[in-house]
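Structure first, commentary second.
Chains as they are written, first to last, in our numbering: chain A, 309 to 566; chain B, 211 to 270.
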């Protein structure tokens, strides 16, 4: 009994560790993610820009929030995925988990940059400053550098496996930053407003929640679709590397025989 | 009609902040999508060439 449970667990891990199986599922998801993302952008952007109401205090700048908040959510979610993938790679040597983490990093970096820039474009007219060195903004800037560091470290070694391992360790160490970002608005005094989500529900008008969730959905499905394209690309790169290596081996074989 | 469009573009006086935010977001997302697709296509071509070379090598 115990053995069969153990086998079932191993089987599950293996199923997702196998690139062919993994990509079969990913490729089935791809058209849905891509189509849904396009649809959500087409529906969400006009609502965010035109039909949703202006804020009674912020005026039309509230529209920046429909990009800033989903980007902020994405930059943390993608980092979380990257950290879990890195852990699975370091612990179980799960190759697909590493590829998911690697393929996610540039997307996460872009969402973080968008979160910061859109926040600054809102901060200047509303706070009167582009930037303050408070806990929320500083920890998000650190998140951006963690993404850049992860990408740079992964490519810094001649042996790709050493690069992957070093980058995975950085991703894991950097994950302590996630709760700091999340709770920074509660732990420290800050200009940044607290989360609109609480136990009491949402603290904004329904007319503003609709564009917010449409844009969030558009970003999530965009991430999934582009991630799958990047995974295909990473797997092809590995195949090309292997083909090159075996070609070198074939070319050298006759010389070795002489 | 024209007036309505101008009010929309003016964004209640905040055009300078709202429009750069939206243009940068759209440009970045389109940018990474294009880079990703281009990279994938380049690798697909490279892999096809390698496969063709290998078949050629076996034939000779």
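The C-beta atom is built at its ideal place from N, Cα and C for all residues, glycine as well.
Residue i and residue j closer than 9 Å at C-beta
i, j, result
"residue 525 of chain A", "residue 348 of chain A", "yes"
"residue 411 of chain A", "residue 402 of chain A", "no"
"residue 520 of chain A", "residue 512 of chain A", "yes"
"residue 446 of chain A", "residue 420 of chain A", "no"
"residue 538 of chain A", "residue 249 of chain B", "yes"
"residue 527 of chain A", "residue 378 of chain A", "yes"
"residue 545 of chain A", "residue 253 of chain B", "yes"
"residue 257 of chain B", "residue 514 of chain A", "no"
"residue 227 of chain B", "residue 375 of chain A", "no"
"residue 389 of chain A", "residue 409 of chain A", "yes"
"residue 458 of chain A", "residue 413 of chain A", "yes"
"residue 391 of chain A", "residue 480 of chain A", "yes"
"residue 384 of chain A", "residue 489 of chain A", "yes"
"residue 471 of chain A", "residue 462 of chain A", "yes"
"residue 536 of chain A", "residue 346 of chain A", "no"
"residue 387 of chain A", "residue 478 of chain A", "no"
Beta-carbon contacts of residue i that lie in its chain and below 8 Å, excluding the five residues immediately before and after
i, result
"residue 534 of chain A", "415"
"residue 234 of chain B", "none"
"residue 230 of chain B", "none"
"residue 215 of chain B", "none"
"residue 555 of chain A", "none"
DSSP state of residue i mapped onto helix, strand, coil
i, result
"residue 513 of chain A", "coil"
"residue 436 of chain A", "coil"
"residue 412 of chain A", "helix"
"residue 541 of chain A", "helix"
"residue 363 of chain A", "strand"
"residue 506 of chain A", "strand"
"residue 464 of chain A", "coil"
"residue 472 of chain A", "helix"
"residue 430 of chain A", "helix"
"residue 495 of chain A", "helix"
"residue 483 of chain A", "coil"
"residue 246 of chain B", "helix"
"residue 500 of chain A", "coil"
"residue 340 of chain A", "helix"
"residue 314 of chain A", "Because the pLDDT at residue 314 of chain A is just 43, under 50, the model does not fix this residue reliably, and the point stays unresolved."
"residue 402 of chain A", "coil"
"residue 211 of chain B", "coil"
"residue 441 of chain A", "coil"
"residue 253 of chain B", "helix"
"residue 368 of chain A", "coil"
"residue 326 of chain A", "coil"
"residue 224 of chain B", "coil"
Nonlocal neighbours in the same chain, by C-beta distance under 6 Å from residue i, ignoring five residues either side
i, result
"residue 492 of chain A", "443, 444 and 447"
"residue 406 of chain A", "397 and 472"
"residue 440 of chain A", "499"
"residue 213 of chain B", "none"
Close-in-space but distant-in-sequence residues of the same chain around residue i (CB under 7 Å, 5 per side omitted)
i, result
"residue 450 of chain A", "485"
"residue 502 of chain A", "493 and 494"
"residue 225 of chain B", "219"
"residue 423 of chain A", "376, 379, 380, 383 and 448"
Supposed close pair residue i, residue j - CB separation, criterion 8 Å
i, j, result
"residue 394 of chain A", "residue 476 of chain A", "4 Å"
"residue 367 of chain A", "residue 222 of chain B", "5 Å"
"residue 362 of chain A", "residue 370 of chain A", "6 Å"
"residue 232 of chain B", "residue 357 of chain A", "7 Å"
"residue 327 of chain A", "residue 543 of chain A", "6 Å"
"residue 360 of chain A", "residue 505 of chain A", "With a Cβ gap of about 18 Å, residue 360 of chain A and residue 505 of chain A do not count as contacting."
"residue 239 of chain B", "residue 510 of chain A", "Contact flag wrong, Cβ pair sits at about 26 Å."
heavy atom of the ligand SAH below 8 Å from residue i C-beta
i, result
"residue 531 of chain A", "Within the structure as shown, the ligand SAH is missing, as the structure has no ligands at all."
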